[in-house]
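Take a look at the structure below.
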Amino acid sequence: MGPGAEGQRRDVLAFYMLAGFAAVMYAVPGEWIPALEPLRLALLTSGLGAGLMVMRRIGKAEPIFFDGARGIALLAFSSLAFCSVAWSVNPEVTRFQGVELLKLTAIYLTLVNVITSAKRLAVVCGAMVLGAIVTSIGVINWYLVGENMVEGFRSRWVGVYADPNHMAMNMVLVVPLAVAFLARKSTPWLFRVLCAVSAVLAVVAIVLSHSRGGFIGLSVAMAMWAIREKRRMQAIVLGTVFVLGLAVFAPKSFWQRNETVTTFHEDASAMGRVYAWQVASRMSLDKPLLGVGAGGFRYAWFQYAPPEAHRAYVAHNIFLDVIGELGWIGLLCFLVFSGGAVGGAVAASADSEMGWLARALSAAVAGYLICDLFSGYILSAHCYVLFGLAASAHRIAQARERALAVGRQPAMSPAPVATWEGSGHAA
């Protein structure tokens, strides 16, 4: 096998590992199948994918693609988080968070280096949609048996889905992707059925989480997808069906909890957010440039919290979390990274071949960021995978645009041959 064939084989294997990671990220089999726990499948698949990508690049003497300003900003962000051990209020926690962020950065860079075609992008998105079915079933089953509920009525699941808000925001990004596959005529009928099942179950899981941020994020994502989808009437009909289903089947407790938005000062969860935002503001005023160190928000809580806030909370807003822990420098890096991913997905939406999926990705990004305004999680793998998919869509669309531009250029006319007038012979 020659070097070129070996490099192609590694590239294909890296892609399969990424698709496997996307499914495992939702299905989390190691959390509910004891025999699989020692394998650490998420780390195994993502690590193998990254390693194979690097080996292929080295083998073909190709530089790793760092995704321009987006990727450089993410590298700067994760490096700053790791270096914040030097001034952190809790160096041990900061060291852990810095290492985890570097891992997530590696996953992002692997995505943008391996997903180089619209087909690969669709396969990874499809793997997430299918994996989410397992998550939704787990959430619904826990609700039906009344097991491990938060506040007595909020359902959740295992692992990263143990927090109802975190679970809901991760399910929000799946719904527009599933609906986009469902609405596309060329999608095989069996996969369309599975996408319909995934979308419905994901909405049910969000409802059973009773997450107000999840509900708002889902509404924004579906509205954005319906408005921007080219076959708008079909999109609006699908969106309306989901809204009606939500209105008819949502339990009474779901609407009662959402009604507390108007009386937030009487709701402990809502007031916890208010206190957290006050703490983030005071952290920023005290340490504006570099913050209190990655992961240090809760450990610096009582230094900055008002007297009536007797319990330490997370920031409940990813941007305030970043500014509190890594200051304005960290926020600038994160905004360049996240803003670049949003802009990339929106720009790719105009692509004639892949625009249908890019529009779903831009809707998923919008809904996810709305959720992040209420439930910020810097260490969420779903965030970096979603942004990596959006960036990949942008890169694929740009490559296609360049190829079409070259194809549209008129053929070069051959240079005229010099001739001599008269006898036709040179003097």
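Under this note's numbering, the first residue of the sequence shown is numbered 276, with each subsequent residue one higher. Every residue gets a Cβ at the ideal spot worked out from N, C-alpha and C, and that includes glycine. From a predicted model like this one, the values you see are computed outputs, not experimental measurements.
Same chain, Cβ closer than 6 Å to residue i, five either side skipped, listed in chain order
| i | result |
| --- | --- |
| A474 | V450, A453 and V454 |
| N592 | L648 and G651 |
| M446 | A477, A480 and I481 |
| L606 | V597 and I598 |
| H669 | G619, A622 and A623 |
| N402 | Here the sequence assigns Ala to residue 402, which means Asn is not the residue at that position. Taken in chain order, the residues that qualify are A294, A297 and A298. |
| G547 | Y588 |
| G570 | V368, T369 and Q372 |
| L288 | L327 |
| S354 | none |
For residue i, the first and last residue of its enclosing alpha helix (DSSP H)
| i | result |
| --- | --- |
| Y579 | W576 to Y579 |
| M442 | P439 to V447 |
| L565 | Where L565 is concerned, there is no enclosing alpha helix (DSSP H), given that its DSSP letter is neither H nor E. |
| P304 | P304 to W307 |
| M497 | R487 to R503 |
| G642 | G630 to D647 |
| I412 | A393 to V420 |
| L595 | I593 to A623 |
| L654 | That residue, L654, is in no alpha helix (DSSP H); it is neither H nor E in DSSP. |
| V425 | V425 -> no alpha helix (DSSP H), and no H or E assigned at all. |
| I390 | That residue, I390, is in no alpha helix (DSSP H); it is neither H nor E in DSSP. |
| F572 | No alpha helix (DSSP H) contains F572, which DSSP labels as neither H nor E. |
| V482 | W464 to S484 |
Buried/exposed call for residue i, threshold 16 Cβ in 10 Å
| i | result |
| --- | --- |
| S461 | exposed |
| W464 | exposed |
| A356 | buried |
| S411 | buried |
| P439 | buried |
| M292 | buried |
| S363 | buried |
| L560 | exposed |
| A625 | exposed |
| I645 | buried |
| V692 | Low confidence applies here, because V692 scores a pLDDT of 41, under 50, leaving its location unreliable; read the following figure in that light. It is exposed - the Cβ of V692 has fewer than 16 other Cβ atoms within 10 Å. |
| E504 | buried |
| A458 | buried |
| G421 | exposed |
| I502 | exposed |
| R586 | exposed |
Own chain, CB closer than 7 Å to residue i, minus 5 neighbours either side, in chain order
| i | result |
| --- | --- |
| L314 | G305 |
| A317 | F296, V299 and M300 |
| M424 | S430 |
| S219 | This structure cannot speak to residue 219, because the chain is shown only from 276 to 702. |
| L661 | L448, A639, V640 and Y643 |
| M558 | G566, V567, A575, Y579 and G599 |
| P366 | V360 |
| T320 | M292, G295, F296 and V299 |
Neighbour flag for residue i against chain D, beta carbons, 8 Å
| i | result |
| --- | --- |
| A348 | Although the question refers to chain D, the structure presented lacks it and comprises just one protein chain. |
Chain-order list of residues whose beta-carbon lies under 8 Å from that of residue i (same chain, five-residue window excluded)
| i | result |
| --- | --- |
| G334 | P278, E281, G282 and R285 |
| T537 | Residue placement at T537 is flagged as unreliable, the pLDDT there being 48, under the threshold of 50; the coordinate-derived value follows with that caveat. Excluding sequence neighbours, T537 sits near nothing in its chain. |
| L311 | P304 and G305 |
| I671 | I390, T391, S392, A393, L396, A623, D626 and M629 |
| L469 | V404, L405 and I408 |
| G413 | W307, W432, V433 and Y436 |
| I604 | L355, L564 and L565 |
| W417 | N423, M424, S430, R431 and W432 |
Closer than 7 Å: residue i CB and nearest the ligand NAD heavy atom
| i | result |
| --- | --- |
| V449 | This structure simply doesn't include the ligand NAD, nor any ligand for that matter. |
Distance between beta carbons of residue j and residue i, contact taken as under 8 Å
| i | j | result |
| --- | --- | --- |
| V554 | W576 | 6 Å |
| A496 | A638 | 5 Å |
| V389 | F290 | 5 Å |
| A551 | A590 | 5 Å |
| A348 | F594 | 14 Å between Cβ atoms; not a contact. |
| A666 | V387 | 5 Å |
Segments assigned beta strand (DSSP E), at least 3 residues, entirely inside the segment 312 to 374: none
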